[in-house]
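Peer 1: Got a structure for you, written out below as structure tokens; questions coming shortly.
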Amino acid sequence: MLADMSKVRIIVPKRLVDRLIEELHAAKAMHIVEDTISGPGQPLAASEEISDALVKLRAIAAQLRIPLTPTTQYNDLKLILKELSVLIPLVQKNTDTIKQSDAKLKELSQFIEKERMLHSLSLKKQDLYNYESISCYIGTVDNVEACHADIEHITRKFKLTHCVYNKRSHIALFAEKNADVKSVLANHGFSPLLFDDLPDIDLQAAYADSKHKKEAAEKRLAQIAPKYKNLLPIYENTLSDALEKAEIPLQFRETSAASIVYGFIPALSVSQITEKLQKAFRGRIYIESIKTGHHEKVPVELTNIPPVRNFKFFLDLYSLPKYKEIDPSWFLFLTFPLLFGFMLGDWGYGITTLLIFWLLKKKMPQMKSFFNILIFSSWATVFFGLIFGEFFGIEFYHPLISRNPEFSLMPLMIVAIIIGILHVNAGLIAGFINEFKGHGLKAAIFRKGGWMLLEVGIALLAASYTHVISLAPIVGYLVLALAITFLYKGEGATSLVEIPGIFGNILSYVRLMAIGLSSVGLALVVNDLAEGFFHSDLAIVGIIILVLGHAINITLGCLGSFLHSLRLHYVELFTKFYHGGGIPFKPFGMKNEI
Amino acid sequence: MVVESAGLMALGAALAVGLSAIAAGIAEKGIGTAAIGAMAEKEELFGKGLILTVIPETLVIFGLVIAILIIGMAG
Chain A
46 MLADMSKVRI IVPKRLVDRL IEELHAAKAM HIVEDTISGP GQPLAASEEI SDALVKLRAI
106 AAQLRIPLTP TTQYNDLKLI LKELSVLIPL VQKNTDTIKQ SDAKLKELSQ FIEKERMLHS
166 LSLKKQDLYN YESISCYIGT VDNVEACHAD IEHITRKFKL THCVYNKRSH IALFAEKNAD
226 VKSVLANHGF SPLLFDDLPD IDLQAAYADS KHKKEAAEKR LAQIAPKYKN LLPIYENTLS
286 DALEKAEIPL QFRETSAASI VYGFIPALSV SQITEKLQKA FRGRIYIESI KTGHHEKVPV
346 ELTNIPPVRN FKFFLDLYSL PKYKEIDPSW FLFLTFPLLF GFMLGDWGYG ITTLLIFWLL
406 KKKMPQMKSF FNILIFSSWA TVFFGLIFGE FFGIEFYHPL ISRNPEFSLM PLMIVAIIIG
466 ILHVNAGLIA GFINEFKGHG LKAAIFRKGG WMLLEVGIAL LAASYTHVIS LAPIVGYLVL
526 ALAITFLYKG EGATSLVEIP GIFGNILSYV RLMAIGLSSV GLALVVNDLA EGFFHSDLAI
586 VGIIILVLGH AINITLGCLG SFLHSLRLHY VELFTKFYHG GGIPFKPFGM KNEI
Chain B
1058 MVVESAGLMA LGAALAVGLS AIAAGIAEKG IGTAAIGAMA EKEELFGKGL ILTVIPETLV
1118 IFGLVIAILI IGMAG
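Same order as they appear, the protein sequences are chains A and B.
Positions 46 to 639 (our numbering) are the ones given, in order, by the first sequence.
Positions 1058 to 1132 (our numbering) are the ones given, in order, by the second sequence.
Structure representation (structure tokens):
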């Protein structure tokens, strides 16, 4: 069911806007909509400060590694802002120190590397520069001996020392300034190393100093963190609430003296909320119910009994119903588990999945509705398993409808198609009701009635031609012609193209048989394999095959049945009546409750 | 090689389903890719995307019907 919504307009003097926001936030009952005529209003003055503090709070929570778990506690806003104005710069300073120290440490370790390399060549930085007639080349080459030999050809006045560092041959060549030396070195793949930036300081001491600074900052942060572990989530909760309240005036309409708020309140709560507000404002407030526009989007709140409420999960995946539509939750509640059970259809599997999903529900309470759906489906599986007589693939008794591939599968297929016809027509009836409510009887008859007449016409034709009933085919043709006219008048020419579509939709339900058979086939194969091992001595292998095989079959069966049952609802059923596209009812002040 | 009519009928039924399944697969490949891409931008398009993706399934259903008719003829 969809809750009835009333559109409400509230007018208060401008100076009482703060009070109104507090009252509405506490009431948690009104879905505020933006007034589109005059554009956004002004947020409250504090909103900038609050949103700034909130963003920085989230940043330091990440830096202090404090998770912002949801909480329902609040603290005083002014105290929080004051506290944060001290805490945030402190944490920022320390994080900046850590970042800078990190960068410096990286730089210093590169320099230390270079110094070590020079040391292994027995050189110091001063030895490299300030020569009048000598050039100095330091770097890596491919082959030291060949290089040495080639340089000897050019000049006698040189000194070449080399070493192996980091698995590469490094050389230090001091030679008289001669242009040919450079080209010789280039021939041997010389790659120079630069030492201009090597500072004349004690690198090790500088490194130790930076490391010390970084560790001190980290220790300070680690000291701060435990004090705020419980407080930061509370601060975030307070700040985000305050921000919500400060920014809601963007949706109000303002005149020079008054603020006007538009919104939706569930019809049952209107009088209660009106009374509460009138009392709080002692008459200095004006509340009235107004009519909604014809195509206005009214927020929807689904009110269903708890078992049916679980199936809102599927509607959240697809889209919520529009305000005037039939709520498909009951359809999903009745037929989704049945189709699931029909496809899986094994009471041994059903009991196993029942246990598994019940255990999982206990472990993951936040996915409660999802597991409830699967538990209903498991019950349906047990039910159909008893009808099909399968227990882990073994038939203990001769069942009503057999899924054994040895027997004829026609009864199963006929049952599947009958289920299809019933399901699709249930959808068409729901569509008829929707159209009747929305556009009147004539539209309903032309649009949905046309489809139903089409089915009747084809059925009559088939029956006449196969002489099941002694009616002349002309009747069938007449009904068919009538149906096509209705469809053309109701939905236009595109519906004529869709005529084969409805039969495709009904035949699509044959997958109920097909997926069921694949599950049965796998179970039979696993049982046969295991039986073979039981007759020989390796009974343990047989048990392993049984367990693994049926586990895989259950997984595949659950996955396939879930998907296909859901797809049958989304595609075959919903296209017959469901439009979707509704906005969820989000009252001001309500936290996002899952 | 003796060509039996029953064997040919089985082949016919297999081809009917198999080829139409390949055709549906090729068709739904492009649509499915586009649908997922659209969904990545806008979650609300899941329903429309799903419906458009499974439109070519009628191809397989027609193939299945023909296969069943052929097997019915054989038996």
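Note that beta-carbon positions come from the ideal geometry of N, C-alpha and C, so glycine has one too.
Keep in mind that this is a model prediction, so the values were computed, not measured.
Hey, how far is the Cα of Leu69(A) from the Cα of Ala270(A)?
Peer 2: Here residue 69(A) corresponds to residue number 24 of the first sequence, with the count starting at 1. Here residue 270(A) corresponds to residue number 225 of the first sequence, with the count starting at 1. About 36 Å.
Peer 1: To which residues does DSSP link Arg54(A) through a beta bridge?
Peer 2: The residue you call residue 54(A) lines up with position 9 of the first sequence. Answer is Tyr307(A) and Glu333(A), bridged to Arg54(A).
Peer 1: Rounding to the nearest angstrom, what Cα-Cα distance links Ile639(A) and Ala526(A) in this structure?
Peer 2: Within the first sequence, residue 639(A) is the residue found at index 594, counting from 1. Within the first sequence, residue 526(A) is the residue found at index 481, counting from 1. In this prediction, Ile639(A) scores a pLDDT of 38, lower than 50, which makes its location untrustworthy; the coordinate-derived value is nonetheless stated afterwards. Distance between the alpha carbons of Ile639(A) and Ala526(A): 51 Å.
Peer 1: Does any C-beta atom of chain B lie closer than 7 Å to the C-beta of Ala57(A)?
Peer 2: What you label residue 57(A) is simply residue 12 of the first sequence in a count that begins at 1. The sequence shown places Val at residue 57(A), not Ala. Not one chain B Cβ lies under 7 Å of Val57(A).
Peer 1: When the cut-off is 7 Å and only beta carbons count, does Val1074(B) lie next to chain A?
Peer 2: Residue mapping note: residue 1074(B) aligns to position 17 of the second sequence, counting from 1. Val1074(B) does not count as touching chain A.
Peer 1: Please list the terminal residues of the continuous alpha helix (DSSP H) segment that includes Val524(A).
Peer 2: On the first sequence, residue 524(A) is found 479 positions in, with the first residue counted as 1. Its alpha helix (DSSP H) spans residues Pro518 to Glu536.
Peer 1: My output table needs one value for Glu299(A): the three-state DSSP class, helix, strand or coil.
Peer 2: Taking the first sequence and counting its residues from 1, the one referred to as residue 299(A) is at position 254. Residue state, collapsed to three classes: strand.
Peer 1: How many Å lie between Gly605(A) and Ile293(A) at the Cα?
Peer 2: The count along the first sequence starts at 1 and reaches residue 605(A) at position 560. The count along the first sequence starts at 1 and reaches residue 293(A) at position 248. So the alpha carbons of these two residues sit roughly 46 Å apart.
Peer 1: Going along chain A in order, which residues have a C-beta closer than 8 Å to the C-beta of Val1111(B)?
Peer 2: Numbered from 1 along the second sequence, position 54 holds the residue referred to as residue 1111(B). Simply Arg612 and Val616.
Peer 1: Going along the chain, which residues of its own chain have a beta-carbon closer than 7 Å to the beta-carbon of Ala425(A), five neighbours each way excluded?
Peer 2: In the first sequence, the residue the question calls residue 425(A) occupies position 380. Hits under 7 Å: Pro382, Leu383, Phe385 and Gly386.
Peer 1: From the DSSP output, read off the bridge partner residues of Gly184(A).
Peer 2: For the purposes of this step, residue 184(A) is identified with residue 139 of the first sequence, where counting begins at 1. Gly184(A) pairs with Ile216(A) and Pro237(A).
Peer 1: Out of curiosity, what's the CA-to-CA distance linking Met46(A) and Val345(A)?
Peer 2: Here residue 46(A) refers to the residue found at position 1 of the first sequence. Here residue 345(A) refers to the residue found at position 300 of the first sequence. Rounded to the nearest angstrom, the two C-alpha atoms are 10 Å apart.
Peer 1: When DSSP builds the beta bridges, which residues end up paired with Val345(A)?
Peer 2: Here the question's residue 345(A) lines up with position 300 in the first sequence. For Val345(A), which the question treats as bridged, DSSP gives the partners Pro629(A).
Peer 1: Taking the alpha carbon of Arg60(A) as the point to measure from, which residue in Ser304(A), Val427(A) and Phe429(A) has its own alpha carbon closest?
Peer 2: Residue numbering aside, residue 60(A) sits at position 15 when the first sequence is read from its first letter. Nearest C-alpha to Arg60(A): Ser304(A).
Peer 1: Please decide whether Leu1107(B) counts as near chain A, where near means a Cβ-Cβ distance under 7 Å.
Peer 2: If you number the second sequence from 1, residue 1107(B) lands on position 50. Closer than 7 Å to some Cβ of chain A, the Cβ of Leu1107(B) qualifies, so yes.
Peer 1: Over what stretch of residues does the beta strand (DSSP E) that includes Val1059(B) continue unbroken?
Peer 2: Residue mapping note: residue 1059(B) aligns to position 2 of the second sequence, counting from 1. Unbroken run through Val1059(B): none, as it is neither H nor E.
Peer 1: Counting along the chain, where does the beta strand (DSSP E) carrying Thr206(A) start and finish?
Peer 2: Within the first sequence, numbered from 1, the residue matching residue 206(A) stands at position 161. Here the beta strand (DSSP E) through Thr206(A) covers Phe203 to Tyr210.
Peer 1: Determine the direct distance from the alpha carbon of Leu552(A) to that of Ile459(A), and round the result to whole angstroms.
Peer 2: Here residue 459(A) is taken as the residue at index 414 of the first sequence, counted from 1. Here residue 552(A) is taken as the residue at index 507 of the first sequence, counted from 1. Their backbone Cα atoms lie some 10 Å apart in a straight line.
Peer 1: For the alpha helix (DSSP H) that contains Ile490(A), what are its first and last residues?
Peer 2: Indexing the first sequence from 1 puts residue 490(A) at position 445. Here Ile490(A) belongs to no alpha helix (DSSP H), and DSSP marks it neither H nor E.
Peer 1: Which residues in chain B sit within 9 Å of Leu362(A), going by Cβ to Cβ distance?
Peer 2: Position 317 of the first sequence, counting from 1, holds the residue named residue 362(A). Neighbours of Leu362(A) on chain B, chain order: Phe1103 and Gly1104.
Peer 1: How would you list, in chain order, the residues of chain B whose beta-carbon sits under 7 Å from the beta-carbon of Pro629(A)?
Peer 2: Taking the first residue of the first sequence as position 1, residue 629(A) is located at position 584. Per Cβ cutoff of 7 Å: no residues; Pro629(A) is ~12 Å from chain B at best.
Peer 1: Hey, out of Ile514(A), Gly483(A) and Ile474(A), whose CA is closest to Gly495(A)'s CA?
Peer 2: Along the first sequence, one-based indexing puts residue 495(A) at 450. The shortest C-alpha separation from Gly495(A) is found at Ile474(A).
Peer 1: Is it the case that the Cβ atoms of Asn349(A) and Ser374(A) are separated by a distance below 7 Å?
Peer 2: Against the first sequence, residue 349(A) aligns to sequence position 304. Against the first sequence, residue 374(A) aligns to sequence position 329. Taking 7 Å as the Cβ cut-off, Asn349(A) and Ser374(A) qualify as a contacting pair.
Peer 1: For Ile1128(B), collect the residues of the same chain with a Cβ closer than 6 Å to its Cβ; drop the 5 residues on either side in sequence, then sort them by chain order.
Peer 2: Residue mapping note: residue 1128(B) aligns to position 71 of the second sequence, counting from 1. The beta carbon of Ile1128(B) lies closer than 6 Å to those of Ala1070 in the same chain, with the five residues before and after it left out.
Peer 1: Can you pull the chain C neighbours of Val1122(B), defined as C-beta to C-beta under 7 Å?
Peer 2: In the structure shown, chain C does not exist; the protein chains are A and B.
Peer 1: Apart from the five residues on each side of it in sequence, which residues of its chain come closer than 7 Å, Cβ to Cβ, to Thr397(A)?
Peer 2: Translated into the one-based positions of the first sequence, residue 397(A) becomes position 352. If we look at Thr397(A) and ignore the five residues flanking it on each side, its Cβ neighbours are Ile599.
Peer 1: Return the residues of the stretch 1066 to 1092 of chain B that lie within a Cβ-Cβ distance of less than 9 Å from chain A, sorted by chain order.
Peer 2: Along the stretch 1066 to 1092 of chain B, none of the residues has a CB nearer than 9 Å to a CB of chain A.
Peer 1: For Thr1110(B), count neighbouring C-beta atoms within 10 Å of its own C-beta (all shown protein chains included) and say buried if the count is 16 or more, exposed if not.
Peer 2: Looking up residue 1110(B) in the second sequence gives position 53. Under this definition Thr1110(B) is a buried residue.
Peer 1: Suppose only complete runs of 4+ residues qualify. What are the alpha helix (DSSP H) ranges in the stretch 1066 to 1127 of chain B, listed by chain order?
Peer 2: 1103 to 1111
Peer 1: Work out the CA separation of Tyr273(A) and Gln137(A) for me, nearest whole Å.
Peer 2: Against the first sequence, residue 137(A) aligns to sequence position 92. Against the first sequence, residue 273(A) aligns to sequence position 228. Spanning the two alpha carbons is a distance of roughly 15 Å.
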